[in-house]
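Colleague: Numbering (the working numbering), first residue to last: 6 to 404. In this text, a Cβ means the ideal position worked out from N, Cα and C, and glycines have one as well. Since this is a predicted model, take the numbers as computed values, not measurements. The structure under discussion is supplied below as structure tokens; questions concerning it will follow.
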């Protein structure tokens, strides 16, 4: 019992001591971590500053009499400047110099105003579009009116041409009848008799009427009737008919009567052919003009009916076009940027020179100088006072 009483307090004291020792070690470890983190922060901060300072102390690329810090400090073109260090996607330590340029707002407002003054306001563009469409409607109406006048003229010409031609044909037919009555009884040649005359008359009449008949059928476009083809067919048959009357009249007792009959029949045939050709040509022209007028009237009606919708669509296109250009020139901030990579042994290398534009919608656009060395020379030019001067002297291209 005595041993137990003596041993238990010692054991308890020993356990308590161990707990205190563990707690002390934990505190010690935590303090070391805290100290380590603080030291790391200090080291990193010092390392960043050291990296920036190493870049600032390097000679300016295009003029070694200046350090980078001297070249980029106190520039009248900068509203503000900033140096920072970051690690890029490839794990390189990068030092960046940023100069917020002055005059970018005024520059882009001027550019947009020049474009806007040339292009015109929304109201002006819509008014021009409306005027153009209304002028097109007016021109179409005038064209229809002139076409109708031309059609009336052609119909008059057709009427004036048809009457004497029909009269001449009627006269020839009358003479043909007299030939049949007076001359045929005296003509005994087989093939030149009343039956032959009737056959010739019927053939020519069918040739004369057939194209007109076709032209009056529904769904037949007279413009598609080939005068050349019909012409050849008519002349071929006519030549065949006339050939039946060709022989030596001098040996015939009734040669004079036969010659008169032949001449009148031939004249009648050729006049019928000429009438057919002219009639088809004139009817074709009339049909063409009528079709053209109908098409133009359909187009005119469509132009009038769709004018409001076309104006609305044109207006939307104009509005979007203006807003797109407004967005292109609505730049809220432009900064000139130089970036250097820094190696572990503090060797620096220029990896970017250009401008960064912040647009009204929050997007950012990087543009690289075409000629970096020229831009670096201009950094030393104290006469560059605004963004406009940089644009004029150092063109860029988008990444």
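Per DSSP, residue 121 forms a beta bridge with which residues?
Modeller: Translated into the one-based positions of the chain shown, residue 121 becomes position 116. According to DSSP, residue 121 bridges with nothing at all.
Colleague: Is the number of C-beta pairs between the region 97 to 105 and the region 80 to 87 that are closer than 8 Å three or more?
Modeller: Contact holds: three or more Cβ-Cβ distances are below 8 Å.
Colleague: By the three-class DSSP mapping on this structure, what secondary structure does residue 375 have?
Modeller: For this step, residue 375 is matched to residue 370 along the chain shown. If DSSP states are grouped into helix, strand and coil, residue 375 belongs with coil.
Colleague: Kindly provide the ranges of any beta strand (DSSP E) runs that are 3 or more residues long and lie completely inside the region 54 to 122, ordered along the chain.
Modeller: Entirely contained in the region 54 to 122, the beta strand (DSSP E) runs reaching 3 residues are, in chain order, 68 to 72, 83 to 92, 98 to 106.
Colleague: What's the gap between the Cα of residue 161 and the Cα of residue 150?
Modeller: Position 156 of the chain shown, counted from the start, is the residue given in the question as residue 161. Position 145 of the chain shown, counted from the start, is the residue given in the question as residue 150. Going from the Cα of residue 161 to the Cα of residue 150 covers about 17 Å.
Colleague: Output the distance between the C-alpha atoms of residue 159 and residue 311, rounded to the nearest integer angstrom.
Modeller: Residue numbering aside, residue 159 sits at position 154 when the chain shown is read from its first letter. Residue numbering aside, residue 311 sits at position 306 when the chain shown is read from its first letter. The straight-line gap from Cα to Cα measures roughly 33 Å.
Colleague: Quick check on DSSP: helix, strand or coil for residue 222?
Modeller: Counting from 1 along the chain shown, the entry for residue 222 is found at position 217. In this predicted model, residue 222 has a pLDDT of only 40, less than 50, meaning its place in the structure is not dependable enough to derive any value.
Colleague: Got a sec? Which residues, its chain only, sit under 7 Å from residue 379 by beta carbon, not counting five neighbours each side?
Modeller: The count along the chain shown starts at 1 and reaches residue 379 at position 374. Closer than 7 Å at Cβ, skipping near neighbours: 399.
Colleague: Rounded to whole angstroms, what is the Cα-Cα separation between residue 289 and residue 297?
Modeller: Looking up residue 289 in the chain shown gives position 284. Looking up residue 297 in the chain shown gives position 292. Looking at the two C-alpha atoms, the distance is approximately 12 Å.
Colleague: In whole angstroms, what separates the C-alpha of residue 307 from that of residue 366?
Modeller: Residue numbering aside, residue 307 sits at position 302 when the chain shown is read from its first letter. Residue numbering aside, residue 366 sits at position 361 when the chain shown is read from its first letter. Going from the Cα of residue 307 to the Cα of residue 366 covers about 42 Å.
Colleague: Please state whether the Cβ-Cβ distance between residue 302 and residue 339 is less than 8 Å.
Modeller: What you label residue 302 is simply residue 297 of the chain shown in a count that begins at 1. What you label residue 339 is simply residue 334 of the chain shown in a count that begins at 1. For residue 302 and residue 339, no; Cβs fall outside 8 Å.
Colleague: Tell me whether the region 371 to 385 and the region 353 to 362 touch, counting them as touching only if at least three CB pairs, one residue from each stretch, are closer than 8 Å.
Modeller: Enough Cβ pairs lie closer than 8 Å, so yes.
Colleague: So if DSSP puts residue 347 in a beta bridge, which residue, or which two residues, is it bridged to?
Modeller: The residue you call residue 347 lines up with position 342 of the chain shown. Paired residues: 98, 353.
Colleague: Nearest to residue 368 by CA position, among 333, 391, 395, is which residue?
Modeller: Reading the chain shown from its first residue, position 363 is the one you call residue 368. Nearest C-alpha to residue 368: 333.
Colleague: In angstroms, rounded to a whole number, what distance separates the CA positions of residue 76 and residue 319?
Modeller: On the chain shown, position 71 is the one that residue 76 refers to. On the chain shown, position 314 is the one that residue 319 refers to. Rounded to the nearest angstrom, the two C-alpha atoms are 53 Å apart.
Colleague: Grouping DSSP H, G and I as helix and E and B as strand, with all else coil, what is residue 367?
Modeller: One-based indexing of the chain shown puts residue 367 at position 362. If DSSP states are grouped into helix, strand and coil, residue 367 belongs with coil.
Colleague: Whose CA, out of 138, 143, 337, 165, lies closest to the CA of residue 110?
Modeller: Here residue 110 refers to the residue found at position 105 when the chain shown is read from its first residue. Of the listed residues, the one whose Cα sits closest to residue 110 is 337.
Colleague: What do you get for residue 347, buried or exposed, if any count of 16 or more other CB atoms within 10 angstroms of its CB means buried?
Modeller: If you number the chain shown from 1, residue 347 lands on position 342. Its Cβ being crowded by 16 or more others within 10 Å, residue 347 is buried.
Colleague: Using the Cα positions of residue 386 and residue 134, report the straight-line distance between them to the nearest angstrom.
Modeller: Within the chain shown, the letter at position 381 stands for residue 386. Within the chain shown, the letter at position 129 stands for residue 134. Between residue 386 and residue 134, the C-alpha separation is close to 49 Å.
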